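J.: For the sequence shown, this note's numbering begins at 903 and goes up steadily by one.
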Amino acid sequence: MCPSFRATGEEEHSTRGRARLLHEMLAGEVITDGWRSAEVRDALDLCLSCKGCRTDCPVGVDMATYKAEFLHHHYEGRRRPAAHYAMGWLPVWLSAVSRTRAGAVVNALASVGPLAAVAKRLGGIAPERGIPRVARETFSRWWSRRFRDRVRAFVREAKRGERTRVPGAGRESVVLWPDTFTEHLSPAVGRAAVRVLEAAGLAVLLPPTFRMKSPAVMDGVSKAPAGFNVFMPHRRRRVCCGLTYVSTGQLDRARTVLRRTLDLMEPVLDAGLPVVVLEPSCAAALRTDLPELLHDDPRAARLAAAVVTFAEALERHAPAWTPPRLDRPVTGQTHCHQHAVLGDAADRRLREAAGLTGELTGGCCGLAGNFGFEKGHYDISTACAEDQLLPAVRASTADTIVLADGFSCRTQLEQLGGVRGRHVAEVLAEGLGEAPGDVLGKGPGGGPGAGRGRDEERWGRGENRRCGCGRPSRRAARAARPAPGARRPAPPTLRGTPV
Ligand code: SF4
Ligand code: SF4
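(1) What did DSSP end up calling Pro1346 once you bin it into helix, strand or coil?
(2) Quick one: is Lys1061 buried, meaning 16 or more other Cβ sit within 10 Å of its Cβ, or exposed?
(3) CA-CA distance, Ala1187 and Ala1206?
(4) May I ask which residues mark the beginning and end of the alpha helix (DSSP H) holding Ala1105?
(5) Could you give the DSSP three-state label for Trp1079: helix, strand or coil?
(6) By DSSP, does Leu1228 sit in helix, in strand, or in coil?
(7) Quick check: does the Cβ of Leu950 come within less than 6 Å of any heavy atom belonging to ligand 1?
(8) Rounded to a whole number of angstroms, what is the C-alpha to C-alpha distance between Cys1286 and Arg1189?
(9) Using C-beta distances below 6 Å, list every residue in its chain close to Gly1005, excluding the 5 sequence neighbours before and after it, in chain order.
(10) I'd like to confirm something about Thr917: is its beta-carbon nearer than 6 Å to some heavy atom of ligand 1, or not?
(11) Helix, strand or coil for Pro1117, going by three-state DSSP, please let me know.
(12) Taking its Cβ as the centre, do 16 or more other Cβ atoms sit within 10 Å of Val1119, making it buried, or is it exposed?
(13) Rounded to whole angstroms, what's the CA-CA distance from Asp1198 to Gly1015? Just pull it up for me.
(14) Give the secondary structure of Val961 by DSSP, where H, G and I count as helix, E and B as strand, and everything else as coil.
(15) How would you label Leu1291, buried or exposed, when you count the other beta carbons within 10 angstroms and need 16 or more for buried?
(16) Exposed or buried, which one is Ala909 when buried takes at least 16 other CB atoms within 10 Å?
(17) Given the structure, does Ser906 come close to ligand 3, in the sense that its CB is under 6 Å from one of the ligand's heavy atoms?
(18) How big is the Cα-Cα spacing for Trp991 and Leu1145?
(19) Quick check on this structure: which residue in Leu1252, Val1243 and Val1304 has the alpha carbon closest to the alpha carbon of Ala1215?
(20) If you compare alpha carbons, which of Leu1315, Ala1156 and Gln1240 is closest to Ala1213?
(21) Classify Ile1282 as helix, strand or coil using the three-state DSSP reduction.
(22) Under the rule that 16 or more other beta-carbon atoms within 10 Å means buried, what is Phe1041, buried or exposed?
(23) Have a look at Trp995 and Pro1080 and give me their C-alpha separation to the nearest angstrom.
(24) Return the chain-ordered list of same chain residues with a C-beta closer than 6 Å to the C-beta of Thr957, the five sequence neighbours on each side being excluded.
(25) By Cβ distance below 6 Å, which residues in the same chain neighbour Gly1092 in space, the five residues on each side in sequence not counted?
(26) Drop a sphere of 10 angstroms on the beta-carbon of Arg920, count the other beta-carbons inside from all chains shown, and report buried for 16 or more, exposed for fewer.
Right, dumping it as structure tokens:
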């Protein structure tokens, strides 16, 4: 059922209420100001874009899509709310922080109360929210460093005659999608996914960062020499699913970003490689929003069809692989977009094979990307989290692993529950330990958890402690792991109120 209706109990904030208002707006009899209607905007304001109605509604009402379309028309040619610029353009802001290597400065400034308050006010962010910390090293920067280390190690070993085979040669390849959240805010998830996918016998690649086909230059007709962009680092681009633009109704910008993404992904599509997307909302955006927004571009449907979740990638492309046996209870949340668009059958089978027992809650965590961060949404966001997710976590025992594949769900757990939720890739990577003989494990870029910033460890539970060398310590993990059945410690308080 619609989470905002469950939280408010008001018809206006149900799928049916919103659908009725939209119908009246389009009919133009009761609501006469069309797309500019403030009444419809207010009714859609509390829609979390969770896509729950997409599967629950028998006639397939997809309010998240209608909301994006409405916001697109409503704000056409007008100034938007500050949150649309602050959070809709999040990929741009985070890329700028990464390019200027200002992550530590941004984190330091965001930890100063008055400065954070001003930033939140300017960005239309709820004052109750904490600003997520930016990772010190992005996922793709870690990837590049690891690649260089591997090449050097290979050359060294080849010179000594110890190695003649290129690592990864002969393996099936998958392309790992570096979504904005994994790239800038939660790179430990990406590192863990690489660890697991490689342990499963797959060769992991990242999407290209330059167009293989020559771009138009100057007159818009002539083409630059092939490979021109390779030598122009400032022209390098990143793939993006456009999710933040879609959810804030900036559909023209979303189309631009998605066309650029398709240009970059052409070699991947031509090679027929699967694209593994770790963040469920990005996977859902690529599966559904992309072909809807770019229905005139045949590459859109091809990319949508190539998208697989982490569990689907392991099941389809490494069927003989057995995950590490963890034998732990789990709780947490199936991401609402996973439930509505992607399905969780492969995830269930993966958890079962790894001995992760217990049901995850459904519904929506209440954060839903930008929704829970927007000013005025905090109470509804909290009420949605209190509906299923937080009670389930509180009722769990202290040795229970809290699973949450979505960055939003993990943020909600962290900010409201004082618990660190983990992507299933992180849990499996910990079960695998370090890659044997991998150059990764020998330096600061090693292992799935290596290089994890203080920000990423802040909410870490016992099993995430590490020894003095910086590597995850299994002994520390064993010692810190609570006895089975022990009660979960009380979470920290928020603004002095137990949550
Ligand atoms: S997208 Fe989610 S919050 Fe919005 S109407 Fe549908 S079920 Fe309700
Ligand atoms: S048709 Fe869909 S939106 Fe309308 S009342 Fe039924 S479930 Fe709700």
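Cβ coordinates follow ideal geometry from the N, Cα and C atoms, glycine included. All values derive from a computational prediction rather than experimental measurement.
T.: Taking the coordinates as given:
(1) Residue confidence for Pro1346 is low, a pLDDT of 35 falling below 50, so the modelled location carries little weight and cannot support an answer.
(2) Classification of Lys1061: exposed, given that the 10 Å Cβ count is below 16.
(3) Cα to Cα, the separation comes out at about 9 Å.
(4) Not the alpha helix (DSSP H): Ala1105 falls in the beta strand (DSSP E), residues Leu1104 to Leu1107.
(5) Strand.
(6) Reduced to three states, the DSSP call for Leu1228 is coil.
(7) Yes, ligand 1 has a heavy atom inside 6 Å of this Cβ.
(8) Going from the Cα of Cys1286 to the Cα of Arg1189 covers about 26 Å.
(9) Short of 6 Å from the beta carbon of Gly1005, and not among the five residues preceding or following it, lie these beta carbons of its own chain, in chain order: Val999, Val1036 and Arg1038.
(10) True, at least one ligand heavy atom lies under 6 Å from that Cβ.
(11) For Pro1117, the predicted model reports a pLDDT of 48, less than 50, meaning its position is unreliable; a value from the coordinates is still stated below. Three-state DSSP puts Pro1117 in coil, outside helix and strand.
(12) Since pLDDT at Val1119 reaches only 42, below the 50 mark, its modelled position is unreliable, and the value read off the structure follows with that caveat. It is exposed - the Cβ of Val1119 has fewer than 16 other Cβ atoms within 10 Å.
(13) Rounded to whole angstroms, the gap between the alpha carbons of Asp1198 and Gly1015 is 48 Å.
(14) Three-state DSSP puts Val961 in coil, outside helix and strand.
(15) So Leu1291 ends up on the buried side.
(16) Ala909 is buried by the Cβ-count criterion.
(17) Ligands displayed in this structure: ligand 1 and ligand 2; ligand 3 is not among them.
(18) Cα-Cα distance, rounded: 10 Å.
(19) When only C-alpha atoms are compared, the closest one is Leu1252.
(20) Nearest option by C-alpha distance: Gln1240.
(21) Shown here, Ile1282 sits in a helix according to DSSP, grouped into three states.
(22) By the Cβ neighbour-count rule, Phe1041 is buried, with 16 or more other Cβ atoms within 10 Å of its own.
(23) Cα to Cα, the separation comes out at about 16 Å.
(24) Same-chain partners within the cutoff: Ala1242.
(25) Cβ within range, chain order: Phe1041 and Thr1084.
(26) When all chains shown are included, Arg920 counts as buried.
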